[in-house]
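First up is the structure itself, then whatever we jot down about it.
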Amino acid sequence: IKPPIISICICLANNITNSTEDEENTVAFPDHLYSQASKASAEGKLSFAVHILQEVSALFEEDQSSSSWQEVTVENFLNVVNKQTDELHSCVSHSHMKKRNTKLHLYFKRLSNEILAKMGHSADAWELIRREVKDCLMKADHLVSSLLLPN
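Heads up: take any position in the sequence shown, counting from 1, add 1283, and you land on our numbering.
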């Protein structure tokens, strides 16, 4: 059985690690949004997952020159994220996708401003981002996987 592609994204997120010390994360994921999405229709769940993937892709467009990740690994990760975004997006109606999830967007904006920018896009900052992104991808994977389970 082929693993869901979001699971592949999670594995790739694990592989772009470096050896930095644990640091406090100052930006909490808006769990209430995930809770709402988990109660939404199938299309609502897919839409939330697509929004997460789009935000992850945008976040990784930031300057990574200070990270210790291999460039090819990051490129592979982004290729998989973008492929999954396109595939899931094709399953969601235009009306569900045209409204941006502002609170989710603000969470990713805070990751960019309060971690990456404040820490100078350092290797430590990117390690914190990797961990946050992994958690976000796990949430998206759980939503999409819940649609595959028999009721």
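We treat Cβ as the ideally placed atom computed from N, Cα and C, and that holds for glycine.
Alpha carbon of residue i to alpha carbon of residue j, nearest angstrom
i	j	result
S1318	T1368	21 Å
P1286	L1430	Caution applies to P1286, whose pLDDT of 48 falls short of 50 and renders its modelled position unreliable; the value that the coordinates give is listed next. Between P1286 and L1430, the C-alpha separation is close to 14 Å.
L1342	M1402	15 Å
I1398	V1363	24 Å
E1415	L1316	16 Å
H1334	A1400	22 Å
L1420	H1377	23 Å
M1435	V1310	Residue 1435 is absent from the model: the chain starts at 1284 and stops at 1434.
S1351	A1406	6 Å
L1361	T1385	22 Å
E1338	V1355	20 Å
R1413	S1348	15 Å
E1410	S1373	31 Å
K1422	S1340	16 Å
R1383	N1359	26 Å
L1371	S1395	25 Å
E1306	D1418	Reliability fails at E1306, whose pLDDT of 49 lies under 50, so the model's placement of it is uncertain and the value that follows must be treated cautiously. Approximately 16 Å between the Cα atoms of the pair.
L1387	A1320	11 Å
Q1353	L1336	21 Å
E1344	H1425	25 Å
Beta-carbon separation (whole angstroms), residue i vs residue j, contact threshold 8 Å
i	j	result
D1346	H1404	5 Å
E1326	V1357	31 Å between Cβ atoms; not a contact.
Beta carbon of residue i nearer than 8 Å to that of residue j
i	j	result
F1312	A1323	no
K1328	V1427	yes
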